[in-house]
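Trainee:
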Amino acid sequence: MAMMRQRASPQQHQRLAICAAEVQPVNTAVPTECSMRFTTSTDKTTRRNSINVASLQLALSRLQDAEQLTSTAAAVAPLVLGSNDSKSLSLKIIPPATSPPKLASSSPKASSRLPSPTSLMSKAKAIAHRSASPVMPPAPPSPTAIKVVNPPSPVKKGPAPAASVPVITDIRVVQAVSIAESYSGGYMLRQYEPLKVIGRGGFGHVMVARHLPSGSLVAIKTLSKRSIATQNQIQHSRAEKTVLTRCRDHPFIVKIHACFQTIDHLHIVLDYCPGGELFFHLSQRGHFTEPVAAFYLAEVLLALEHLHQHDIIYRDLKPENILLDQQGHVRLADFGLSKPGIDDWTLALTFCGSKDYIAPEVISLCERSSTASSPSRGYGKAVDFWALGCMLYEMLTGQPPFYNAASRTQLYSMIMDGVVYFPPTISDEARDLMQCLLRTDPRERLGARRTSGGGATAVKQHPFFAKHHIDWAKLLNRSLRTPPLRPRSGQFANFDSEFTSMALRGIESMVKFPEKIPMDYQLFDNYNWEPPKSTK
1 MAMMRQRASP QQHQRLAICA AEVQPVNTAV PTECSMRFTT STDKTTRRNS
51 INVASLQLAL SRLQDAEQLT STAAAVAPLV LGSNDSKSLS LKIIPPATSP
101 PKLASSSPKA SSRLPSPTSL MSKAKAIAHR SASPVMPPAP PSPTAIKVVN
151 PPSPVKKGPA PAASVPVITD IRVVQAVSIA ESYSGGYMLR QYEPLKVIGR
201 GGFGHVMVAR HLPSGSLVAI KTLSKRSIAT QNQIQHSRAE KTVLTRCRDH
251 PFIVKIHACF QTIDHLHIVL DYCPGGELFF HLSQRGHFTE PVAAFYLAEV
301 LLALEHLHQH DIIYRDLKPE NILLDQQGHV RLADFGLSKP GIDDWTLALT
351 FCGSKDYIAP EVISLCERSS TASSPSRGYG KAVDFWALGC MLYEMLTGQP
401 PFYNAASRTQ LYSMIMDGVV YFPPTISDEA RDLMQCLLRT DPRERLGARR
451 TSGGGATAVK QHPFFAKHHI DWAKLLNRSL RTPPLRPRSG QFANFDSEFT
501 SMALRGIESM VKFPEKIPMD YQLFDNYNWE PPKSTK
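For the sequence shown, my numbering gives the first residue as 1, with consecutive numbering after it.
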């Protein structure tokens, strides 16, 4: 009678047991975890660890299926999840518990078709060996056929030159982030009701709006993304956000409440200063008396000192950028040209500023850059002290120091010469302070960091402020005395009608959500910001 089963000899049982022990703990190096189960058969006439040939064949087939699925997952994961996400992929495969398949026939031909234990062991060892080695995914057929999302950053070998057009690996990622921020920004913008335009600049406008949840008035500065990107001012817009968020708690710097973006615009929510610009009041009066000029110059100096302590240079000091709050105190505003990261050893290299207030070292920087034999040296915090001297001169006379220049070229030549005419009505203390601040050599300028007593401390110690009884501690606490200029009580009465008569753009026209975003807008991602609730 033909045998129903083919049993292995005791020596074969021993070798199969050793093989099963080697194969069972399959620990692949690819990010896939396989859990395998082996089925053993027992017999009263054999030892306890005897392995049925059919059971081992089933385990082998499952092991081959797991190996194939492991290879497929390792090849597909980097293409679906990205090269960074594939490392965290964990795929657990547990085959269903099924009984060993029964033989279809009991004939000798059927039993002879079963593989021998020797061949099963060799196949199992081969699979275990391949599983112990990392499985590498196949390379894509061509660079254009499959685009890898979020490729790993290359090793930096040195500072790379600044590119005029940013390199974007996958615009889908940019769109996802930008659209998400735009939806969030649109929601935030709908919380405000626009009331009046109070200012306009090269990149946008400033409007007064009512915060609907609280009913308070705020100023919203709206900037065009396209104008900023076209004129290569993206870094300046980011620097403004950095400065405002870093210095938001100083009493003489305008306070930021939030900043966010919509598809086409950047929006900065600031304190509303109903007193308007200092330039507005200066133009209304013609000039200030020395006590008035000393009061406001001292508050501006404290704001500059705070910026310099945070290694920030302002670079755009002028009466148009100084606002008056409801009590008449100054608030430094418009930090679009500010430069963070400027300490006593780091210099700025950008030619920028208002032409009437620009310092000689900035002009000479531009001249050196055009001459290969004369390398540029840069400039530091002393440019703000030069502008402080120019502002004092304009407050006392109604004109900037070099107002009689016929052209820009002549203006820059006069600034480089440093020859300033002082009217006889100016006191000796005021004249001396301006002469010390308007020295063409920044190393000799009052406030230069030559000694430990340099900086704003040296300027505060000048006799001009002592003459007008400036107590710096009380001034910082806003308790020195009542500000000399009180804003007019009429709504928007302290703003130029040139701005307040402008048509107001509706909020809904700025809140739109297209499906695609221009590629260069990726540089505005992560612009949205709100302070912690406890500090609002």
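Glycine residues also receive a C-beta, built at the ideal position from the N, C-alpha and C atoms.
Leaving aside the five residues before and after residue 217 along the sequence, list all residues of the same chain whose C-beta is less than 7 Å from its C-beta, in chain order.
Mentor: Counting only Cβ-Cβ distances below 7 Å, and skipping sequence neighbours, we find 208, 210 and 272.
Trainee: Any idea what DSSP makes of residue 502, helix, strand or coil?
Mentor: The answer is coil: DSSP assigns residue 502 none of H, G, I, E or B.
Trainee: Let me know the beta strand (DSSP E) ranges lying completely inside the segment 246-327, each 3 residues or longer, listed in chain order.
Mentor: Within the segment 246-327, the complete beta strand (DSSP E) runs of at least 3 residues are 256-261, 265-271 and 322-324.
Trainee: Within a Cβ cutoff of 7 Å, which residues of the same chain sit near residue 287, ignoring the five residues on either side of it in sequence?
Mentor: For residue 287, where only same-chain residues beyond five positions count, the Cβ hits under 7 Å are 395, 396, 397 and 398.
Trainee: Could you tell me how far apart the beta carbons of residue 327 and residue 484 are, in whole angstroms, since I believe they sit closer than 8 Å?
Mentor: So it is not a contact: roughly 12 Å between Cβ atoms.
Trainee: How long is the line joining the alpha carbons of residue 175 and residue 525, rounded to whole angstroms?
Mentor: Note that residue 175 scores 45 on pLDDT, short of 50, meaning its location in the model is unreliable; the coordinates nonetheless yield the value given after this. Going from the Cα of residue 175 to the Cα of residue 525 covers about 10 Å.
Trainee: Which residue's Cα is closest to the Cα of residue 350: 190, 383, 295 and 220?
Mentor: Among 190, 383, 295 and 220, the Cα nearest to that of residue 350 belongs to 383.
Trainee: On the DSSP bridge list, what partners appear for residue 219?
Mentor: In DSSP, residue 219 forms a bridge with 208 and 270.
Trainee: Where residue 190 and residue 225 are concerned, what is the direct C-alpha to C-alpha distance, given to the nearest angstrom?
Mentor: About 19 Å.
Trainee: Should the segment 305-320 be called in touch with the segment 229-237, which here means at least 3 C-beta pairs below 8 Å?
Mentor: These segments do not touch.
Trainee: Quick check: the Cα distance between residue 538 and residue 244, rounded to an integer number of angstroms?
Mentor: As shown, the chain starts at 1 and ends at 536. That puts residue 538 outside it, with no answer to give.
Trainee: Checking the sheet assignment: what are the DSSP bridge partners for residue 448?
Mentor: None, per the DSSP bridge assignment.
Trainee: Count the other CB atoms, across all protein chains shown, that sit within 10 Å of the CB of residue 285; report buried if there are 16 or more and exposed otherwise.
Mentor: With fewer than 16 other Cβ atoms within 10 Å, it is exposed.
Trainee: Could you check where the beta strand (DSSP E) with residue 194 kicks off and where it finishes?
Mentor: Per DSSP, residue 194 belongs to the beta strand (DSSP E) from 192-200.
Trainee: Within the chosen definition, does the segment 191-207 reach the segment 239-255 through at least 3 CB pairs nearer than 8 Å?
Mentor: The segment 191-207 is not in contact with the segment 239-255.
Trainee: Since residue 278 and residue 251 are thought to touch, with beta carbons under 8 Å apart, how far apart are those beta carbons, to the nearest angstrom?
Mentor: About 16 Å; that fails the 8 Å criterion.
Trainee: Do you know offhand how far residue 516's Cα is from residue 262's?
Mentor: Residue placement at residue 516 is poorly supported in this model, since its pLDDT is 47, which falls under 50; the coordinates still yield a value, given next. Spanning the two alpha carbons is a distance of roughly 13 Å.
Trainee: Note down the Cα distance separating residue 298 from residue 421, rounded to an integer number of angstroms.
Mentor: Looking at the two C-alpha atoms, the distance is approximately 23 Å.
Trainee: Please give me, in chain order, every unbroken run of the beta strand (DSSP E) with length at least 3 that falls completely inside the segment 374-441.
Mentor: Runs found: none.
Trainee: Which same chain residues end up closer than 6 Å to residue 359 when comparing Cβ atoms and leaving out the 5 residues on each side of it in sequence?
Mentor: If we look at residue 359 and ignore the five residues flanking it on each side, its Cβ neighbours are 383 and 386.
Trainee: Cα separation between residue 447 and residue 195?
Mentor: Those two C-alpha atoms are separated by around 42 Å.
Trainee: Measuring only the C-alpha atoms, how far is residue 266 from residue 223?
Mentor: Rounded to the nearest angstrom, the two C-alpha atoms are 5 Å apart.
Trainee: Give the range of the beta strand (DSSP E) segment to which residue 331 is assigned.
Mentor: That run of the beta strand (DSSP E) goes 330-332.
Trainee: Based on Cα-Cα distance, which residue from 199, 400, 528 and 324 lies nearest to residue 254?
Mentor: The residue with the shortest Cα to Cα distance from residue 254 is 324.
Trainee: Starting from residue 470, trace the alpha helix (DSSP H) both ways and give me its first and last residue.
Mentor: Looking at the DSSP string, residue 470 is not in any alpha helix (DSSP H), and its letter there is neither H nor E.
Trainee: Nearest-angstrom Cα distance between residue 352 and residue 475?
Mentor: In a straight line, the C-alpha of residue 352 is about 31 Å away from that of residue 475.
Trainee: Compare the C-alpha of residue 354 against each of 361, 378, 390 and 316 and name the closest.
Mentor: With distances taken between Cα atoms, residue 354 lies closest to 316.
Trainee: Taking all protein chains shown into account, decide if residue 247 is buried (16 or more other Cβ within 10 angstroms of its Cβ) or exposed.
Mentor: The residue is buried, with at least 16 neighbouring Cβ atoms inside 10 Å.
Trainee: Who does residue 241 pair with in a DSSP beta bridge?
Mentor: None; residue 241 has no bridge partner.
Trainee: Determine the direct distance from the alpha carbon of residue 411 to that of residue 405, and round the result to whole angstroms.
Mentor: Rounded to whole angstroms, residue 405 to residue 411 spans 5 Å at the Cα level.
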